[in-house]
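Structure, rendered in structure tokens:
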């Protein structure tokens, strides 16, 4: 039994919850997207666009294999790809990122608490990393920050010491010298174990001050910089028991920096209001088990600062909504996330609201939480997608709440039909969309959404995928192993196949090149078979394949695309005659389901059942698998999305080469073509202002390799 079949039982029980969907999205909610579950003892995350491609990435530290630093590449499809920066950092504790050597690339700094060292990793522009030391003998390095302390234009490094053997742990900064060597300057040794340091111009006099805390002292202090890095110490609080994390934020938006802090071992949270003269009034915010992280940002886009937190003893993240007068209402997140060590904010999907990414210590988990404020996610267990060419939209069937969602390639969603319990496979005939709820085939007018067709078919198990021969017949799969042939005009059905299919058939597609129905089944190593639409005769097309198929579609050239649950969710491409095996088109879809090939635009739409999203993959330009993920030439477009002005940043060899630059729209129409002479690390200005808002594709080729990047023009 597949997971989605099991899910039906649970869905039937809770279906009433979704009858007030519209009202539910009036509040700010967050949808959890799991990145990984095997990053052992994760300690910190830091959000930054490492490869400057316009998508927010993040860096993590933790202890897989004894200590590791990794960066997670955001590919723009709600997926993060792990790249190991250092696999041998003894008890990696903290991580930060910035351009340390002013070469235009983002470097990384990390601390090794067990190894008593601070390392920095130089980015060569292709995200290849050279390791250097900031300090290889700093006892108990804990949290690291990157700020220009002496205002010389070069980012410096700050670090706090959590020295278990001393009562005088150091907080210090390392001056970035012109050759990227480092000179250490101690700021203070007042704390017994200092777990956090943060640089900010707290008194707003134009120089960088320092904020830090002491865990055993229960103290929060800041150090005023006189402009020459002479430091005057000021107490904020000496009764914040087991202080662990502190940030400087203007919480009340009165123009000065307040302080916000979490105390792990006492499970305490608080913020300290600055009166403008650096006198601080404490506002306790209650308790959170094992509070390790507390920060402030506008989460609901209403113009004030909200609060959010995570704790190593808590089972969920927590946020506090600000009413605009600094009265805060607490909300626990719906999705569980345990053992939080750090949680930071950024817009990870470029939808203009603030998302969060969190790392768990003993849960070994990293997840990002998609803020639904600007663009609520209406997908709940999406099962199938089709393209409505007449109205230039995609329609998605949800198992999770029995609705049909209309959307575009940017996943701008709205309801088309809802209130049907569970909806499965779909196909379009003329101006009607057909789908089923497991035992009844429905038809809905594409123009109005009105139900215009209903035919009950008693299933052995569950009606699922369907297709049409465009001659007035539907072919509907029963997951127990039958195929029903539905006469649309007569509103009747016959059993075309009653047995002989592979186990758990899930989807089917009509092949007009050979007048046959091709079947995808969930059986492991499933054979691929076809069925004659008249006789029902079953023919094996390939004896053994990868299997675990949950969707199938066909392009205008007769190539088949199968969605499989193997290997983390993949899409495979087969030739029409199934010769030459398969080609992997794309990976990382979780549980991909009833996919659809938009032959008009050469877009492969892939719904993901457990990621609650739909991926849109360009197959470019005419039936050849040439997507933005192919390899050969390295370049990025920045910023992306853009307002018409962007830069193409070439990477790789510094030798000058001749390149063909082509820009296409989603229909494959060539919008612009030119010849360029480029070398590695060279930038070329792209003027896209004449293009209509939407998606276009930038192709760069040198005669033997090609790379394509998607660009969103606003």
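Numbering (the numbering used here), first residue to last: 40 to 753. Virtual Cβ for every residue (Gly too), placed ideally from N, Cα, C.
Taking all protein chains shown into account, residue 358 has 16 or more neighbouring C-beta atoms within 10 Å of its C-beta and is therefore buried.
Within 10 angstroms of the beta-carbon of residue 230 lie 16 or more other beta-carbons, which makes it buried. Per the coordinates, the alpha-carbon of residue 584 lies some 15 Å from the alpha-carbon of residue 540.
By the criterion of a C-beta distance shorter than 6 Å, residue 144 is surrounded in its chain by 162 and 164, once the five residues flanking it on both sides are discounted. Burial check for residue 227: the Cβ neighbour count within 10 Å reaches 16 or more, so the residue is buried. Rounded to the nearest angstrom, the gap between the Cα atoms of residue 447 and residue 425 is 11 Å.
About 6 Å separates the beta carbons of residue 739 and residue 700, which is inside the 8 Å limit, making them a contact pair. Excluding sequence positions up to five before and after residue 648, its CB lies within less than 8 Å of the CB of 42, 43, 420, 421, 422, 438, 589, 629, 630, 631 and 632, all in the same chain and listed in chain order. Distance check between residue 242 and each of 221, 225 and 273 places 273 closest, using alpha-carbon atoms only.
Counting only the Cα atoms, residue 324 lies some 14 Å from residue 371. Of the other Cβ atoms in all chains shown, 16 or more fall within 10 Å of the Cβ of residue 475; this residue is therefore buried. Residue 620 is classed as exposed because its beta carbon has fewer than 16 other beta carbons within 10 Å across all chains shown.
Under the DSSP assignment, residue 519 falls outside any beta strand (DSSP E); it carries neither an H nor an E label. Pairing residue 84 with residue 383 gives a Cβ-Cβ distance under 8 Å.
For residue 717, the CB contacts under 6 Å within the same chain, skipping 5 residues up- and downstream, are 689 and 698 in chain order. Taking residue 396 as reference, the option from 77, 115 and 111 with the minimal CA-CA separation is 111. Of the candidates 473, 691 and 441, the residue whose Cα lies closest to the Cα of residue 461 is 441.
Looking only at 278, 279, 275 and 313, the smallest Cα-Cα distance to residue 291 is reached by 313. Looking at the DSSP output, residue 303 sits in no beta bridge, so it has no partner there. The segment 79 to 97 makes no contact with the segment 359 to 367; the number of CB pairs closer than 8 Å stays below 3.
In this structure, residue 591 and residue 568 do not form a Cβ contact; the two beta carbons are roughly 11 Å apart against a cut-off of 8 Å.
Between the alpha carbons of residue 186 and residue 86 lies a distance of about 16 Å. In this structure, 296 is the residue among 330, 296 and 306 with its C-alpha nearest to the C-alpha of residue 318. Secondary structure note for residue 545: its beta strand (DSSP E) is the uninterrupted segment 544 to 550. In terms of Cβ geometry, residue 545 and residue 494 do not form a close pair [threshold 8 Å]. For residue 81 against residue 380, the beta-carbon gap comes to about 6 Å, under 8 Å, which counts as contact. Between the segment 301 to 308 and the segment 276 to 288, the count of Cβ pairs shorter than 8 Å is three or higher; the stretches touch. By the C-beta criterion, the segment 329 to 337 is judged to be in contact with the segment 347 to 356, since at least 3 inter-stretch pairs fall below 8 Å. Every unbroken stretch of the beta strand (DSSP E) spanning 3 or more residues and falling wholly within the segment 352 to 405 is given here in chain order: 357 to 361, 367 to 371, 379 to 385 and 394 to 399.
DSSP places residue 107 in the uninterrupted beta strand (DSSP E) bounded by 107 to 113. DSSP places residue 418 outside any beta strand (DSSP E), giving it a letter other than H or E. The three-state reading of DSSP puts residue 541 in coil, since its state is none of H, G, I, E or B. For residue 147, the closest of 130, 173, 560 and 129 by C-alpha to C-alpha distance is 173.
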